[in-house]
Amino acid sequence: MSGSTPERRMATMAAHLRDGEETAKEGLIVPWPTAGVAAASVFEHIQQAPEDPILGVTVAFNKDPSPMKVNLGVGAYRTEEGKPLVLNVVRQAEERLLADRTQNKEYQPITGVAQFNKLSAQLILGANSVAIKENRVTTVQALSGTGALRVGAEFLAKHYGKPVIYVPVPTWGNHNKIFPLGGVPVKPYHYYDPKTRGLDYQGMIDDLRAAPVGAVVLLHACAHNPTGVDPTEEQWEGIRKVIRSKQQLPFFDCAYQGFASGSLDTDAHAVRSFVADGGECLIAQSYAKNMGLYGERIGALSIVCRSAAVASRVDSQLKLVIRPMYSSPPAHGALIAASILGDRDLFADWTVELKAMADRIISMRHQLYDTLKARGTPGDWTHILKQIGMFTFTGLNPEQVQFMTREYHIYMTLDGRISMAGLSTKTIPHLADAINATVLGLQGQS
Amino acid sequence: MAAMMASTAATTAALGCVASGQEVGRQVCTTQKMYNGLRVATAFPGQKKIEESAFASIKIRSKAIVTMAVATDVSRFEGVSMAPADPILGVSEAFKRDNSDMKLNLGVGAYRTEELQPYVLEVVKKAEKKMLEAGENKEYLPIEGLAAFNKATAELLLGADNPVIKQQRVATVQGLSGTGSLRLGAAFIQRYFPGVKVLISSPTWGNHKNILNDAGVPWSEYRYFDPKTVGLDFEGMIADIKDAPNGSIILLHGCAHNPTGIDPTPEQWEKIADVCQEKDHMPFFDVAYQGFASGSLDDDASSVRRFVARGIELFVAQSYSKNLGLYAERIGAINVVVSSPEVATKVKSQLKRLARPMYSNPPVHGARIVANVVGDPTMFDEWRAEMQAMAGRIKTVRQRLYDELSTKDKSSKDWSFVLKQIGMFSFTGLNKAQSDNMTDKWHVYMTKDGRISLAGLNLAKCAFLADAIIDSFYNVQ
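So the protein sequences, as listed, match chains V and G. If you count the first sequence from 1, position 118 lands on 118 in UniProt numbering, and the numbers rise without skipping. If you count the second sequence from 1, position 92 lands on 92 in UniProt numbering, and the numbers rise without skipping.
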């Protein structure tokens, strides 16, 4: 390290102080921003960002020393013992991967692991999908659901005129950040009806009819997040007709295939019905929940096009979106997922483990409902049973949520959403107590 | 099928067409119309007569002929054109398609063994085995990534005893290798230094421009490569950096400049730092080869540490693709060195805000590998040894190539730049036509800017490569 460096710094500062003699006379000394001597920073104007509303719940939960605390924030599956779960098929796939001497860590292609892409498209569209047979589907590996949505957004911003995306109210909070940052402004459509705690079907249809021709429409393929409210098959058909009549472009967010009902095919029904009519759509898939691969960031973006020629061109343009974002996706999760999807036995075992997770969640729903009824908690709690997937939209407001957090150490998002996956037979009574106290407006126990 | 026909008819009725009563026979007419700024393409094959519609008043922008399809609409993505292949990654694709016996892939910068095979470091295999046995879970990482990784990577870059680390003045966020880290940094610059330009070297890694463009950050170039000397145009570089408006951002390669392999000397680095301080510029270091260039982690980080020691606030993007061979795992970091811990906390919080709508949180696998390797003294030493071996093989190959070129080339051309350049790449000075000759005639695959990856070369093929270079240099203009 050069011994003249401190001298150099002093000389530079002195020079600026000399230059700043005018301001010095007025009694102001402005230190050189990069002087690094207890000086102002060029980053001085940057504010502290608040914690992410969803992921911040876990941050807050971790800080809480109370033994009674329950984390119902982020949608990550927990066992009955409250522990994270790595699926057996995942462990097996990883062991195979490690033992496979033909594997290396070379860059994947920009669009990711080809075998994964192929199998992922088949999973959502069905092995007999006409669209796949006709080569009309282009699939790229993505960084879980978020990454797939972001790449899709940037693609649309570049190639779909001046797109606007209509999203349900409410929707996953991150949707409202991904799309605008990706270049696609967001507009709302009615979805959740707080009165029925179900779907505002007519409101949704009316809003879609009123939306412009060609607008992009975000649809949760199954297990709507945060409400758990899904359209029925008939309602999906009505939605499809309106969207097609307005030449709108569906963008499916499919984060829970297999996790909602326990059946991969059932949960894919809405997507498949849209693709069956020959129309185009985008599909973002995530394997975070249904394969428990949260941290590996594995998902896919598929764009179903009218023709193979278009699909091929779209594929080439998706590469131009991906390359300046992260060059190529991480291999590990893709190789695990491809292994499971591509091996008959692993696939079969996976469906069993998937159903077990879905069933445990359904049983939590029943237990919570029964416990609230037993407590005589005022209100109609049947929505806990009717809603589907990982989350329940309790109907509690932010003040009530904050009460539950403060007094009962229940960690959840302010919109009243709870992750059923974070509950267990042991913790349900505590949650029921908290809800009961909240609804009755009682002072809590500290 | 009925539903599809019905919806096509509905579409036709809703959208109208060119003009009322116009015959549309076998020749399909595609009209593009503007609706609220959205282009919607429709085709009406087989329609004998098109009714006038409520939308007939909308101006028709253009027509295109589309091949006859069954009664379906034309894609709304019809106007999407075929993108050109990535200039760097496209090289490997072309190489794979070549059936010639004697071919050489000197395109992408991925290390190859002397047998020209991909290389997974032994220490990486060890780490993965350890991880599998530990049976760790696959929960989401925090948005900023694995804490153990972030700590290790900042210390690796700056030195564990660096005052800026001790004073907690470094904001580190795990990123998707070098590209992802650069993109986060660029997104941060776009938001918090709007309008500030980033100066990039001429030439630089091709993807730098794409990253800045997609992040919406303006850029311009500073002179760097001097084709006359096949070395650094230092005066041009200094002049251009001085010329830039105060407070610009200067993208610098920490070591092993890509694509030229030409690095400033320590004295030149000092001068660059002087100018940056005079002009209040903010350096943005791209460090993709720490340890890989010279074989020494500390030596390769000296340029960054030099600037940090002067108290300059700066960005550093790191990658573990090359030095730990973790190309496919996408593991790197964006570091921002600032003047106080309070500012570092704020900067980190805002980097997180940019990462969340891009991919939510980063992948865990590569981060754990790095944390394991760096955190275990034995593995760390083994890593150092493997890295030195990789860097050593490249130096050996450079020497052999230089020897072959000097022997075979009867003219007095000075090929010593092959030895002076450092890292994975060599800028041969061949132009596009000459590079094309390398590929077309000699089946040597390289990028069109004259860059070859020494990592893809072995001793056995040095003579062959020398022949190709000499032929291309002298016989092609």
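Using N, Cα and C, we set each Cβ at its ideal position, and we do this for glycine too. Computed from a prediction, not measured in an experiment: that's the story for all the values here.
Consult DSSP for residue i and reduce its assignment to one of helix, strand or coil.
| i | result |
| --- | --- |
| V:M1 | In this prediction, V:M1 scores a pLDDT of 37, lower than 50, which makes its location untrustworthy; the coordinate-derived value is nonetheless stated afterwards. V:M1 falls in the coil class under three-state DSSP. |
| G:S248 | coil |
| V:C222 | coil |
| G:G332 | strand |
| V:T232 | coil |
| G:G231 | strand |
| G:G206 | helix |
| V:M68 | coil |
| G:E23 | Legend: pLDDT at G:E23 = 34, less than 50; position of this residue unreliable, value from coordinates given subsequently. Correct three-state label for G:E23: strand. |
| V:D343 | coil |
| V:M412 | coil |
| G:M282 | strand |
| V:H269 | helix |
| V:T139 | strand |
| G:S92 | helix |
| G:R183 | helix |
| residue 515 of chain V | This structure leaves residue 515 of chain V out entirely; chain V is present only between 1 and 446. |
| V:F252 | strand |
| G:D263 | coil |
| G:D240 | helix |
| G:I470 | helix |
| V:R365 | helix |
| V:D277 | coil |
Could you tell me the alpha carbon to alpha carbon distance between residue i and residue j, rounded to whole angstroms?
| i | j | result |
| --- | --- | --- |
| V:V86 | V:E80 | 14 Å |
| G:I143 | G:S360 | 6 Å |
| G:K103 | V:N176 | 50 Å |
| V:R209 | G:G195 | 40 Å |
| V:G126 | V:L335 | 20 Å |
| V:R197 | G:V217 | 45 Å |
| G:Q350 | G:V170 | 14 Å |
| V:H220 | G:A244 | 49 Å |
| V:N128 | V:F274 | 15 Å |
| G:K138 | V:S363 | 24 Å |
| V:Y107 | G:Y327 | 5 Å |
| V:G292 | V:Y77 | 8 Å |
| G:V66 | G:A301 | Low confidence applies here, because G:V66 scores a pLDDT of 32, under 50, leaving its location unreliable; read the following figure in that light. Roughly 57 Å between the two C-alpha positions. |
| V:V213 | V:L181 | 23 Å |
| V:I124 | G:Y289 | 40 Å |
| residue 456 of chain V | G:I369 | In the structure as shown, chain V begins at 1 and stops at 446. Residue 456 of chain V is therefore absent and cannot be evaluated. |
From what residue to what residue does the beta strand (DSSP E) around residue i run?
| i | result |
| --- | --- |
| V:P188 | 186 to 190 |
| G:G175 | 170 to 175 |
| V:V86 | Premise fails: V:V86 is in no beta strand (DSSP E) and is neither H nor E. |
| G:M390 | Per DSSP, G:M390 belongs to no beta strand (DSSP E); it is in the alpha helix (DSSP H), 377 to 408. |
| G:Y222 | 219 to 223 |
| G:Q318 | 314 to 319 |
| V:V57 | Not the beta strand (DSSP E): V:V57 falls in the alpha helix (DSSP H), residues 55 to 63. |
Quick one: give me the first and last residue of the alpha helix (DSSP H) that residue i is part of.
| i | result |
| --- | --- |
| V:S120 | 114 to 125 |
| V:R150 | 144 to 159 |
| G:Y359 | 341 to 359 |
| G:S303 | 302 to 309 |
* Asked: Residue ranges of each alpha helix (DSSP H) run of no fewer than 4 residues wholly in the segment 414 to 466 of chain G, ordered along the chain?
  -> 417 to 420, 432 to 442
* **4 or more residues per run - each alpha helix (DSSP H) lying fully within the segment 286 to 338 of chain V** => 308 to 326
* Please confirm if the segment 308 to 328 of chain G is in contact with the segment 312 to 326 of chain V, defined as three or more CB-CB distances below 8 Å between the two stretches. => no
* Take every Cβ of the segment 119 to 137 of chain G, pair it with every Cβ of the segment 57 to 68 of chain V, and state whether three or more of those distances are shorter than 8 Å. => Too few Cβ pairs lie closer than 8 Å, so no.
* Does the segment 130 to 144 of chain V come close enough to the segment 282 to 294 of chain V that 3 or more CB-CB pairs lie under 8 Å? -> yes
* Touching by the beta-carbon criterion (3+ pairs, under 8 Å), the segment 373 to 382 of chain G and the segment 187 to 205 of chain V -> Flag = no, the segment 373 to 382 of chain G and the segment 187 to 205 of chain V do not touch.
* Counting Cβ pairs closer than 8 Å, one from the segment 259 to 266 of chain G and one from the segment 344 to 358 of chain G, do we hit at least three? -> no
* Do three or more CB pairs link the segment 335 to 344 of chain V to the segment 88 to 102 of chain V at distances below 8 Å? -> yes
* Is there contact between the segment 349 to 364 of chain V and the segment 101 to 121 of chain V, where contact requires at least three CB pairs shorter than 8 Å? -> no
* To do: Flag this pair as touching only if the segment 381 to 399 of chain G and the segment 204 to 218 of chain G have three or more C-beta atom pairs under 8 Å; answer yes or no.
  => no
* Within the chosen definition, does the segment 392 to 409 of chain V reach the segment 324 to 333 of chain V through at least 3 CB pairs nearer than 8 Å? -> No, the segment 392 to 409 of chain V does not touch the segment 324 to 333 of chain V.
* Asked: Does the segment 390 to 409 of chain G come close enough to the segment 460 to 467 of chain G to have 3 or more Cβ pairs within less than 8 Å?
  -> Segments in contact, yes.
* Asked: Is it a yes or a no for the segment 143 to 153 of chain G touching the segment 171 to 187 of chain G, going by three-plus beta-carbon pairs under 8 Å?
  -> yes
* Would you say the segment 157 to 166 of chain V touches the segment 183 to 190 of chain V, given that touching needs at least three Cβ pairs under 8 Å? -> yes
* To do: Tell me, please, whether the segment 464 to 475 of chain G touches the segment 217 to 232 of chain G by the rule of three or more beta-carbon pairs shorter than 8 Å.
  => no
* Mind listing, in chain order, the continuous alpha helix (DSSP H) runs of no fewer than 4 residues lying wholly within the segment 376 to 421 of chain V? => DSSP runs (the alpha helix (DSSP H)) wholly in the segment 376 to 421 of chain V: 383 to 386, 398 to 408.
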